[in-house]
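> Going from the sequence shown to this note's numbering is simple: count from 1 and add 96.
Ideal Cβ placement from N, Cα and C applies to all residues, glycine included.
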Amino acid sequence: MLDFKDKVAVVTGASRSIGRGIALAFAKEGCAVVVNYRKSREEAEEVVKAIEEMGGRALAVQCDVSKRDDVERMFSTAIKEFGKVDILVNNAGVAKRGSILDTTDEVWDMHMEVNLKGVFLCTQVAARHMVERRYGKIVNISSNSGFGIAMDGETAYAVSKAGVIQLTKSSAYDLGPYGINVNCVAPGAVDTEMLRGGRSDAEYEKVLQGRRERAILGITGKPEDIANAVLFFANDKSHYITGKTLLVDGGRKDFL
């Protein structure tokens with residue numbers, strides 16, 4: 097039994113897909129949740145409503161994680177509303193396909209700003225509050241693409257996610273003396289709008305089938321599969337684990 101009673105979590109990119117699944121999973125375990133979003137206010141409010149309907153506490157907060165002022169405001173709002181921040185889940189991310197030959201400066205910068213700088217900023221700001229209390233759990237969301245496996249059209253995305261894995265290690269080293277655990281979850285193929293990427297139903301099914309064939313279990317993941325791994329790292333039962341990245345990918349054959 098995981099105990100999140102009286103805990104407060106900030107989940108970035110929590111209005112949909114994996115972030116939504118993580119936010120709901122925390123709420124089901126009794127955790128108050130800050131539901132971060134950048135543009136999707138309506139969807140974020142729907143997540144808050146779902147949490148409140150199950151008897152939980154939640155607050156939707158707009159924040160572009162790549163902007164320091166926004167991040168500072170988000171954590172100030174969280175602390176004003178709930179009194180503290182125990183857990184940070186760095187989930188917000190973007191993905192735009194492109195090879196090394198056709199990736200533009202704008203697309204490259206977008207990935208690095210959101211997927212990597214966003215994790216840096218949120219971690220830094222949250223950690224400053226956590227250091228004062230000598231307690232905190234930070235869980236970053238990377239990707240199996242960040243482990244160096246080459247995938248068609250994932251140049252900028254894969255590099256940014258590899259950076260998240262290293263940032264996890266470096267942050268764990270710096271924050272460990274203050275009682276703060278920093279770990280990372282690296283999902284494989286999860287059935288989300290990001291994976292769909294604007295494809296037609298037929299095209300998307302072809303993508304899913306390809307991903308299923310690469311996994312030992314022969315399935316693709318669901319947001320709750322990632323949420324379960326995040327809950328483990330965010331709970332005190334994992335207090336002796338830090339700086340680690342857990343692949344949650346159905347046993348992708350490329351990595352064996």
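1) In chain order, what residues of the same chain have a beta carbon less than 7 Å from the beta carbon of V221, not counting five sequence neighbours either side?
2) Pull up the distance between the alpha-carbon of A128 and that of K163, whole angstroms please.
3) So, with DSSP's three-state summary, where would you put I118?
4) Give me the DSSP bridge partner(s) of V129.
5) What's the gap between the Cα of A156 and the Cα of H225?
6) Going by DSSP, which residues form a beta bridge with E250?
7) Using a Cβ-Cβ distance under 8 Å, would C159 count as near chain D?
8) Along the chain, where does the alpha helix (DSSP H) containing K233 start, and where does it finish?
9) When the Cα atoms are used, what is the spatial distance from V215 to A268?
10) Apart from the five residues just before and just after V210, which ones in its own chain have a Cβ nearer than 7 Å to its Cβ?
11) According to the neighbour-count rule (16 or more other Cβ atoms, all chains shown, within 10 Å of its Cβ), is H335 buried or exposed?
In short, the structure shows the following:
1) The sequence position of residue 221 within the sequence shown is 125, counting from 1. Cβ neighbours of V221 within its own chain (closer than 7 Å, five residues either side excluded): V167, E168 and F171.
2) Along the sequence shown, read from residue 1 onward, the residue named residue 128 stands at position 32. Along the sequence shown, read from residue 1 onward, the residue named residue 163 stands at position 67. Answer to the nearest angstrom: the Cα atoms are 24 Å apart.
3) Along the sequence shown, one-based indexing puts residue 118 at 22. In the structure shown, I118 sits in a helix (DSSP, three-state: H, G or I).
4) Position 33 of the sequence shown, counting from 1, holds the residue named residue 129. The partner list for V129 (beta bridge, DSSP) reads A105 and A154.
5) Translated into positions along the sequence shown, residue 156 becomes position 60. Translated into positions along the sequence shown, residue 225 becomes position 129. The straight-line gap from Cα to Cα measures roughly 20 Å.
6) Counting from one through the sequence shown, the residue named residue 250 turns up at place 154. BP columns for E250 point to G194.
7) Considering every chain present, this structure includes no chain D. It has just one protein chain.
8) For the purposes of this step, residue 233 is taken as the residue at position 137 of the sequence shown. K233 -> not in any alpha helix (DSSP H); beta strand (DSSP E) instead, spanning G232 to I237.
9) Position 119 of the sequence shown holds residue 215. Position 172 of the sequence shown holds residue 268. Straight-line Cα distance between these residues: approximately 13 Å.
10) Stepping through the sequence shown from its first residue, residue 210 is reached at position 114. Cβ within range, chain order: V161, S162, A188, G189 and V190.
11) Taking the sequence shown and counting its residues from 1, the one referred to as residue 335 is at position 239. H335 comes out exposed.
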